[in-house]
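**Q** Using the numbering used here, read the sequence shown as starting at 281 and increasing by one per residue.
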Amino acid sequence: MLLKKISVLTSSLFVSCMVFAQNNNTQTNTDNLIDTFLKCDAQFFKELAKNKTSFEQFFELATTDNVAYIPVENIQKNDKNSVIFKKPFYYKGLSITGYKNIFVETPFLGQYFYWGFIINNDIDKVQSSLNNINWSKYSSNSYSANAQIYDRKNKSINWENNPYSIDGVVPRQGTIEKSLYLEPISNNQIQLLCSIQGDLTKDILYTIRPDIKPAYESIEAKQKEMIKAYKLKKQKEKELQQQNHQSQPDTSIKVKENDKQKGENI
281 MLLKKISVLT SSLFVSCMVF AQNNNTQTNT DNLIDTFLKC DAQFFKELAK NKTSFEQFFE
341 LATTDNVAYI PVENIQKNDK NSVIFKKPFY YKGLSITGYK NIFVETPFLG QYFYWGFIIN
401 NDIDKVQSSL NNINWSKYSS NSYSANAQIY DRKNKSINWE NNPYSIDGVV PRQGTIEKSL
461 YLEPISNNQI QLLCSIQGDL TKDILYTIRP DIKPAYESIE AKQKEMIKAY KLKKQKEKEL
521 QQQNHQSQPD TSIKVKENDK QKGENI
C-alpha cells in the first residue's frame with residue numbers, strides 16, 4: 281500500500297513538473313514573439329512560424345513562404361480586419377487579446393499597412409509596462425516610437441531615424457516610413473500597431489511584410505478584374521450607342537425635301 285501511494289505521488293509530481301515546464305516554455309515563446317514584433321520587421325512572422333504549435337492554442341495561423349501570420353477576414357474592411365484570440369496571453373502584465381491587420385490605399389498619398397495587437401489594458405498601463413520604449417506624443421491621444429524613413433532616391437539601403445513623424449503629415453513622394461503606434465480603442469483597451477506607409481514598392485513591402493503577399497496579390501487580382509469589367513462595360517455602352525445611332529432614320533433629307541417643296545410652291 282505504501283509503495284502504491286509513493287508511486288501515485290511520484291507520478292503526480294512528474295505531471296506537475298511537465299505542466300510547469302510547458303507553461304514556462306509557452307511564456308518564453310510569447311515573450312519572444314512580442315519582443316520581435318516591437319521591431320516592426322519580418323522577424324515577427326518568422327517567430328510565428330518557428331513556434332507555430334505553441335501559438336495555436338491562442339490563435340489560428342496560416343503559412344506562406346516559410347513564415348506564418350494571423351489571418352483576418354479582410355484587411356481592407358474595418359469590421360473584418362481584426363480577430364479576437366481563443367484565449368489571451370500575457371506579456372509584462374499586459375493581456376493580449378486580439379490582432380489587427382489593416383490596409384489603406386489612397387489614390388495620391390501612398391499605401392498604408394498596419395499590423396499588431398489588441399491589449400485589454402489602459403494606455404498608461406501599457407506605457408509603463410513597455411518602459412524600455414521611448415514613446416513620443418503623436419496626436420492628442422496616441423503615441424509613436426522608433427519612427428524611421430527610407431528614401432528610395434538615395435543610394436543608401438538603410439533605414440534612417442525620422443524625427444518628423446507627425447500626425448496628418450503624409451510621407452513625401454519617393455519615401456517610405458515605418459513606426460510603432462500606441463492608441464486607445466476604449467478606456468481599457470488599446471491597439472499596439474506597427475506601420476509601413478508611403479511610396480511603397482513590392483520588394484520593400486515584402487521585405488518587411490512577407491506575410492502580406494497572398495492578401496496583396498488577391499487585392500491586385502480583384503482590381504484587375506474590376507478594371508477589365510469596367511472597360512468591357514464602357515465598350516458595350518459605346519457599341520450600343522453606335523447601334524442606336526445607325527438604326528435612327530436620317531431626318532435631315534426629309535427636312536431638305538420639305539424646304540425644296542416650299543420653295544417651289546412660292
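Just so it is clear, CB atoms sit at the ideal spot from N, CA and C, and this is done for glycine as well.
Hey, quick one: how far does the alpha helix (DSSP H) through L485 stretch, first residue to last?
**A** From DSSP, the alpha helix (DSSP H) with L485 extends over K482 to I488.
**Q** Which residue wins for smallest C-alpha separation from S419, given the options E440, D404, G448 and W439?
**A** Ranking the options by Cα distance to S419, first place goes to G448.
**Q** List the endpoints of the continuous alpha helix (DSSP H) containing T333.
**A** Start and end: K332 to F335.
**Q** With H, G and I counted as helix, E and B as strand and the rest as coil, what does DSSP make of V406?
**A** Three-state DSSP puts V406 in a helix.
**Q** Between the beta-carbon of E619 and the beta-carbon of P351, is there less than 9 Å?
**A** For residue 619 there is no data in the structure shown, the boundaries of the chain being 281 and 546.
**Q** Should T487 go down as buried or exposed, given a rule of 16 or more other Cβ atoms within 10 Å for buried?
**A** Result: exposed.
**Q** Do K458 and A425 come within 9 Å of each other at the CB atom, strictly closer than that value?
**A** No; because the gap between Cβ atoms is not below 9 Å, this pair is not in contact.
**Q** Just grab the DSSP bridge partners of Y392 for me.
**A** Paired residue(s): V384 and Q477.
**Q** What is the rounded straight-line gap between the Cα of K380 and the Cα of K504?
**A** So the two alpha carbons sit approximately 26 Å from each other.
**Q** How would you call F388, buried or exposed, if buried means at least 16 neighbouring beta carbons within 10 angstroms?
**A** By the neighbour-count rule (16 or more Cβ atoms within 10 Å), F388 is not buried but exposed.
**Q** By the DSSP assignment, the beta strand (DSSP E) with D345 in it spans what residues?
**A** Note, D345: premise wrong, no beta strand (DSSP E); not H, not E.
**Q** What would DSSP say about K458, mapped onto helix, strand or coil?
**A** In the structure shown, K458 sits in a strand (DSSP, three-state: E or B).
**Q** With Q428 as the anchor, note down where its beta strand (DSSP E) starts and where it stops.
**A** Y423 to D431 is the extent of the beta strand (DSSP E) around Q428.
**Q** Measuring alpha carbon to alpha carbon, tell me which of L410, I355 and S445 ends up nearest K417.
**A** Checking every option, the nearest Cα to that of K417 belongs to S445.
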